[in-house]
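*Asks:* Chains as they are written, first to last, in our numbering: chain A, 284 to 608; chain B, 352 to 609. Glycine residues also receive a C-beta, built at the ideal position from the N, C-alpha and C atoms. One structure coming up, written as structure tokens, with questions to follow.
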Amino acid sequence: MTPSRTTTCLLLLTVPVVLILCLMAGPAGFGLPDTSTLAGRALLELRLLRVVTGFVVGAALALSGCALQAILRNALAEPYVLGVSSGSSLGAALTIVTGLVQLTPLALPAGAFVVGGLTLLLVCLVSGRAGHYSPNTLILVGVVASSMLSSLLMLVLALADTLALHSITWWMMGNLQATSWTLVLIVTVLIAISAALLFSQVPALNALLLGSETARHLGVETRIVLPLVLGAAALATSAAVSLAGCIGFVGLIVPHTLRRVVGANHRRLLPAATLCGGAFLVVCDTLARLLFAPREVPVGVITALSGGPFFLYLLLRNHETHETP
Amino acid sequence: MIHLEHIHAAYNGQPVLTDVSLHLAHGECAALVGPNGAGKSSLLRVITGQLPARGSRRIAGGDPARCNAREFARHVAVVPQDLPQDIPFAAYEFVSLGRTAYLPRFGTPSKADHDAVQEAMDVTGTWHLRHRALTAMSGGERQRLAIAVALAAQPDILLLDEPTSHLDLRHRVDLMALLLRLNRDRKITILMVIHDLTLASQFFSRIILLSQGIKLADGTPAEVLRPDLLEAAYGCPVNVIPLPDLATVCVLPALAST
Numbered sequence: 284m285t286p287s288r289t290t291t292c293l294l295l296l297t298v299p300v301v302l303i304l305c306l307m308a309g310p311a312g313f314g315l316p317d318t319s320t321l322a323g324r325a326l327l328e329l330r331l332l333r334v335v336t337g338f339v340v341g342a343a344l345a346l347s348g349c350a351l352q353a354i355l356r357n358a359l360a361e362p363y364v365l366g367v368s369s370g371s372s373l374g375a376a377l378t379i380v381t382g383l384v385q386l387t388p389l390a391l392p393a394g395a396f397v398v399g400g401l402t403l404l405l406v407c408l409v410s411g412r413a414g415h416y417s418p419n420t421l422i423l424v425g426v427v428a429s430s431m432l433s434s435l436l437m438l439v440l441a442l443a444d445t446l447a448l449h450s451i452t453w454w455m456m457g458n459l460q461a462t463s464w465t466l467v468l469i470v471t472v473l474i475a476i477s478a479a480l481l482f483s484q485v486p487a488l489n490a491l492l493l494g495s496e497t498a499r500h501l502g503v504e505t506r507i508v509l510p511l512v513l514g515a516a517a518l519a520t521s522a523a524v525s526l527a528g529c530i531g532f533v534g535l536i537v538p539h540t541l542r543r544v545v546g547a548n549h550r551r552l553l554p555a556a557t558l559c560g561g562a563f564l565v566v567c568d569t570l571a572r573l574l575f576a577p578r579e580v581p582v583g584v585i586t587a588l589s590g591g592p593f594f595l596y597l598l599l600r601n602h603e604t605h606e607t608p
Numbered sequence: 352m353i354h355l356e357h358i359h360a361a362y363n364g365q366p367v368l369t370d371v372s373l374h375l376a377h378g379e380c381a382a383l384v385g386p387n388g389a390g391k392s393s394l395l396r397v398i399t400g401q402l403p404a405r406g407s408r409r410i411a412g413g414d415p416a417r418c419n420a421r422e423f424a425r426h427v428a429v430v431p432q433d434l435p436q437d438i439p440f441a442a443y444e445f446v447s448l449g450r451t452a453y454l455p456r457f458g459t460p461s462k463a464d465h466d467a468v469q470e471a472m473d474v475t476g477t478w479h480l481r482h483r484a485l486t487a488m489s490g491g492e493r494q495r496l497a498i499a500v501a502l503a504a505q506p507d508i509l510l511l512d513e514p515t516s517h518l519d520l521r522h523r524v525d526l527m528a529l530l531l532r533l534n535r536d537r538k539i540t541i542l543m544v545i546h547d548l549t550l551a552s553q554f555f556s557r558i559i560l561l562s563q564g565i566k567l568a569d570g571t572p573a574e575v576l577r578p579d580l581l582e583a584a585y586g587c588p589v590n591v592i593p594l595p596d597l598a599t600v601c602v603l604p605a606l607a608s609t
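This is the structure:
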């Protein structure tokens, strides 16, 4: 128990250092921009906005992935499993095709958030009625909703003109350069609310690892807690997606990796996943900015390419230690 | 402690319990036996309030269907048939799950929580395993830990659903001895579903026989474990062989001669 506590503390101390390093990294070299010039200050603000966005989005995805993996008791569970990515993409696409984006910069994130949120609400309502939020029902309903929405999205894409098609595709790849502080602030508040809700359910999340029936025996009011956790995870995910698009892999890989590092107890896992999820995405985004500078690659490419092999390595390493007691 | 009066219950319209009345006094200990599908687990689910039922039920002074889960869990603990075994928890963390009903929001355990966990692990002989991973435990150790989880909640009533089914001879006897000790020393009321009738006759002074949702018999092993009753319940001829030295019986299915 003690080594994992030490690891947790080490992880928590590394996070701010990593964030500052990423803030300093730029295509022109390492170090903060010259703040005495107007351009320097603008550049710094842009980078700061980007680091904050990356952190908030990564934290939200890892946090809700962590909570969903606990209640769905499925290794493949991640924030998008309940259909939010398809829902949000459809919402974003609709605002682009209908021209609503031209009215206000908030239209696109709002559209993505609303449709993504509605999708999750629908998935939760159907699963609650059909199977008392049993993991299998939730996943099944999520997959069905996802494919239905993807088809709708394809329909929209087929009918869209080239320009709209291009912006929809770019949005779907994910991008962490937020357009305004106001937007980041709104999203941060939403994510903070759902984080507070999830953190307040740490004992319940632990008990739910034993299945919802046993959790109820242990004193978890599952009829309230399950919809609450689902709702909070959904809120965090749709807020994150509305800000940055569908960045894959963070919500799947970060909780899994940390479970192997700090253990499955949510009292450590949830804060660790939140902080490391944020830091991981910021690092990946920094790489996305710099690797092919001046060109930028979608951050989702980096998250998958760097997180995947690392996770496989952990899987193999832990497997070996289990084999030789 | 457990009062069920004229309970009727159904799963998807199919009746699973018909007019079952059952009373267990504080500190009593009883075995629940019967063939597969007799309604044993359903009866436990009626007691925990998970299965809606007609009739009156009072468990530890309250109606389980109305009581909130947190309050109920402090009085009634359940040891399920099998718990997931792949959770990467150390034994201590696992047993701590039994304290869920006492933890505040955000879940920081207090000294009282730690003491209750340590005591539950002491009683079940698992304290020395506390740092070991759950995944590395044997079947017997895991079953003792499952009981420790239940005990950590400091319940008045312990419901067990076939805890001995995966255990070998020695572990079965050890487990039963542990349960009887808990019943004697702490006056924990115990109701246990068990398939092994011989083991039931050896350790329980009261046996309740269910068949097709009906309570067929309720009494001492001698009163309940009768060939005619068992044949009616299980639908096969049964030999009940008295073991005079042990004051118990051995129950064997009678094989039809070919």
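If we ignore side chains and look at the alpha-carbon of each, how far apart do residue 404 of chain B and residue 537 of chain B end up?
*Replies:* Locating residue 404 of chain B in the second sequence gives position 53, counting from the first residue. Locating residue 537 of chain B in the second sequence gives position 186, counting from the first residue. Whole-angstrom Cα-Cα distance: 30 Å.
*Asks:* Run down chain B in chain order and give the residues with a C-beta less than 8 Å from the C-beta of residue 495 of chain A.
*Replies:* For the purposes of this step, residue 495 of chain A is taken as residue 212 along the first sequence, with counting starting at 1. Under the 8 Å cutoff, chain B gives no residues; its nearest Cβ is about 11 Å from residue 495 of chain A.
*Asks:* Grouping DSSP H, G and I as helix and E and B as strand, with all else coil, what is residue 503 of chain A?
*Replies:* Within the first sequence, the letter at position 220 stands for residue 503 of chain A. If DSSP states are grouped into helix, strand and coil, residue 503 of chain A belongs with coil.
*Asks:* Residue 389 of chain A: which of A/351, A/544, A/572, A/462 sits nearest, CA to CA?
*Replies:* For the purposes of this step, residue 389 of chain A is identified with residue 106 of the first sequence, where counting begins at 1. Considering only alpha carbons, the answer is A/462.
*Asks:* Could you tell me which of A/352, A/566, A/340, A/556 sits nearest to residue 469 of chain A, measuring between CA atoms?
*Replies:* Indexing the first sequence from 1 puts residue 469 of chain A at position 186. Residue A/340 is the option with its Cα nearest to residue 469 of chain A.
*Asks:* For residue 486 of chain A, return the contacting residues in chain B, with the cut-off set at a CB-CB distance below 7 Å.
*Replies:* The residue you call residue 486 of chain A lines up with position 203 of the first sequence. Those within 7 Å of residue 486 of chain A in chain B are 451, 454, 458.
*Asks:* Bridge partners of residue 416 of chain A, per DSSP?
*Replies:* Counting from 1 along the first sequence, the entry for residue 416 of chain A is found at position 133. Paired residue(s): none; residue 416 of chain A is not in a bridge.
*Asks:* Spatial neighbours of residue 336 of chain A within its chain, please: CB distance less than 7 Å, with the 5 preceding and 5 following residues excluded, ordered by chain position.
*Replies:* Position 53 of the first sequence, counted from the first residue, corresponds to residue 336 of chain A. If we look at residue 336 of chain A and ignore the five residues flanking it on each side, its Cβ neighbours are 459, 461, 467, 526, 527.
*Asks:* Give, in chain order, every unbroken run of the alpha helix (DSSP H) that is at least 4 residues long and sits entirely within the segment 469-529 of chain A.
*Replies:* Runs of the alpha helix (DSSP H) inside the segment 469-529 of chain A: 485-491, 495-500, 505-527.
*Asks:* May I ask you to report which of helix, strand or coil DSSP gives residue 303 of chain A?
*Replies:* Numbered from 1 along the first sequence, position 20 holds the residue referred to as residue 303 of chain A. Three-state DSSP puts residue 303 of chain A in a helix.
*Asks:* DSSP state of residue 461 of chain A, grouped into three classes?
*Replies:* In the first sequence, counting from the first residue as 1, residue 461 of chain A sits at position 178. Residue state, collapsed to three classes: coil.
*Asks:* Using a Cβ-Cβ cutoff of less than 6 Å, which residues in the same chain neighbour residue 391 of chain A once the five nearest sequence positions on both sides are dropped?
*Replies:* Looking up residue 391 of chain A in the first sequence gives position 108. Contacts found: 375, 378, 384.
*Asks:* Let me know the secondary structure DSSP gives residue 354 of chain B once reduced to three states.
*Replies:* Here residue 354 of chain B refers to the residue found at position 3 when the second sequence is read from its first residue. Here residue 354 of chain B sits in strand by DSSP.
*Asks:* Please check if any C-beta of chain B sits within less than 8 Å of the C-beta of residue 607 of chain A.
*Replies:* Reading the first sequence from its first residue, position 324 is the one you call residue 607 of chain A. At residue 607 of chain A the pLDDT is 32, less than 50, meaning the model places this residue with poor confidence; the figure from the coordinates comes in the next sentence. Output row for residue 607 of chain A: interface = no.
*Asks:* How far does the alpha helix (DSSP H) with residue 562 of chain A in it reach, from first residue to last?
*Replies:* Along the first sequence, read from residue 1 onward, the residue named residue 562 of chain A stands at position 279. First-last of the alpha helix (DSSP H) with residue 562 of chain A: 549-573.
*Asks:* With a threshold of 8 Å between beta carbons, is residue 594 of chain A in contact with chain B?
*Replies:* Taking the first sequence and counting its residues from 1, the one referred to as residue 594 of chain A is at position 311. Taking Cβ atoms only, chain B never reaches closer than 8 Å to residue 594 of chain A, which makes this a no.
*Asks:* Which value, in whole angstroms, describes the spacing of the CA atoms of residue 541 of chain B and residue 531 of chain B?
*Replies:* As a first step, residue 541 of chain B is located in the second sequence; it is residue number 190 there, counting from the start. As a first step, residue 531 of chain B is located in the second sequence; it is residue number 180 there, counting from the start. Cα to Cα, residue 541 of chain B sits roughly 9 Å from residue 531 of chain B.
*Asks:* Name the DSSP beta bridge partners of residue 589 of chain A, please?
*Replies:* Numbered from 1 along the first sequence, position 306 holds the residue referred to as residue 589 of chain A. Its beta-bridge partners do not exist; DSSP assigns none.
*Asks:* Here's the rule: buried if 16 or more other CB atoms are within 10 angstroms of the residue's CB, otherwise exposed. What is residue 514 of chain B?
*Replies:* Within the second sequence, residue 514 of chain B is the residue found at index 163, counting from 1. Classification for residue 514 of chain B: buried.
*Asks:* Which same chain residues end up closer than 6 Å to residue 453 of chain A when comparing Cβ atoms and leaving out the 5 residues on each side of it in sequence?
*Replies:* The residue labelled residue 453 of chain A in the question sits at position 170 within the first sequence. For residue 453 of chain A, where only same-chain residues beyond five positions count, there are no Cβ hits under 6 Å.
*Asks:* Closer than 8 Å, CB to CB, is residue 363 of chain B near chain A or not?
*Replies:* Along the second sequence, one-based indexing puts residue 363 of chain B at 12. Cβ-Cβ to chain A under 8 Å: no for residue 363 of chain B.
*Asks:* Do you know whose CA, among B/595, B/419, B/444, lies nearest residue 499 of chain B's CA?
*Replies:* On the second sequence, position 148 is the one that residue 499 of chain B refers to. Ranking the options by Cα distance to residue 499 of chain B, first place goes to B/444.
*Asks:* Between the segment 500-510 of chain A and the segment 478-490 of chain A, are three or more C-beta pairs nearer than 8 Å?
*Replies:* Yes, the segment 500-510 of chain A is in contact with the segment 478-490 of chain A.
*Asks:* Is the Cβ-Cβ distance between residue 504 of chain B and residue 428 of chain B less than 8 Å?
*Replies:* The residue you call residue 504 of chain B lines up with position 153 of the second sequence. The residue you call residue 428 of chain B lines up with position 77 of the second sequence. In this structure, residue 428 of chain B lies closer than 8 Å to residue 504 of chain B by Cβ.
*Asks:* Ignoring anything shorter than 4 residues, give me the alpha helix (DSSP H) runs that lie fully in the segment 392-454 of chain A, in order along the chain.
*Replies:* Taking only runs of at least 4 residues, the alpha helix (DSSP H) segments lying wholly in the segment 392-454 of chain A are 418-442.
*Asks:* If residue 355 of chain B sits next to residue 397 of chain B, beta carbons under 8 Å apart, how far is it from one beta carbon to the other, in whole angstroms?
*Replies:* Start at 1 with the first residue of the second sequence, and residue 355 of chain B comes out as number 4. Start at 1 with the first residue of the second sequence, and residue 397 of chain B comes out as number 46. Correct: roughly 7 Å between the Cβ atoms.
*Asks:* Give a yes or no on whether 8 Å exceeds the smallest Cβ distance from residue 399 of chain B to chain A.
*Replies:* To locate residue 399 of chain B, count along the second sequence from 1; it is residue 48. Yes, because at least one Cβ of chain A sits closer than 8 Å to the Cβ of residue 399 of chain B.
*Asks:* Going along chain C, which residues have a C-beta under 9 Å from residue 431 of chain B?
*Replies:* Among the protein chains of the structure shown, namely A and B, there is no chain C.
*Asks:* So, for residue 351 of chain A: in the same chain, excluding its five sequence neighbours on each side, which residues have a beta-carbon less than 6 Å away from its beta-carbon?
*Replies:* As a position in the first sequence, residue 351 of chain A is number 68, starting the count at 1. These residues qualify, in order along the chain: 360, 516.
*Asks:* What are the boundary residues of the beta strand (DSSP E) that includes residue 543 of chain B?
*Replies:* As a working mapping, residue 543 of chain B is identified with position 192 in the second sequence. Run containing residue 543 of chain B: 540-544, per the beta strand (DSSP E) assignment.
*Asks:* Does the beta carbon of residue 545 of chain A sit closer than 8 Å to a beta carbon anywhere in chain B?
*Replies:* Mapped onto the first sequence, residue 545 of chain A falls at position 262. It does not; no Cβ of chain B falls within 8 Å.
*Asks:* Can you list, in chain order, the residues of its chain whose CB lies under 6 Å from that of residue 536 of chain A, leaving out five sequence neighbours each side?
*Replies:* The residue you call residue 536 of chain A lines up with position 253 of the first sequence. So the qualifying residues of the chain are 590, 594.
*Asks:* List the residues of chain A whose Cβ lies closer than 7 Å to the Cβ of residue 439 of chain B, in chain order.
*Replies:* Taking the second sequence and counting its residues from 1, the one referred to as residue 439 of chain B is at position 88. Residues of chain A passing the Cβ test: 542, 546, 547.
*Asks:* Take residue 370 of chain B as the anchor and find which of B/406, B/602, B/421 has the nearest alpha-carbon.
*Replies:* Locating residue 370 of chain B in the second sequence gives position 19, where the first residue counts as 1. Nearest C-alpha to residue 370 of chain B: B/406.
*Asks:* Measuring alpha carbon to alpha carbon, tell me which residue in A/522, A/354, A/575, A/451 is nearest residue 422 of chain A.
*Replies:* To locate residue 422 of chain A, count along the first sequence from 1; it is residue 139. It is A/354.
*Asks:* Assuming residue 492 of chain A and residue 512 of chain A are in contact, meaning their beta carbons sit under 8 Å apart, how far apart are those beta carbons, in whole angstroms?
*Replies:* By 1-based counting over the first sequence, the position of residue 492 of chain A is 209. By 1-based counting over the first sequence, the position of residue 512 of chain A is 229. Not quite, the Cβ-Cβ distance comes to about 13 Å (not below 8 Å), so this is no contact.
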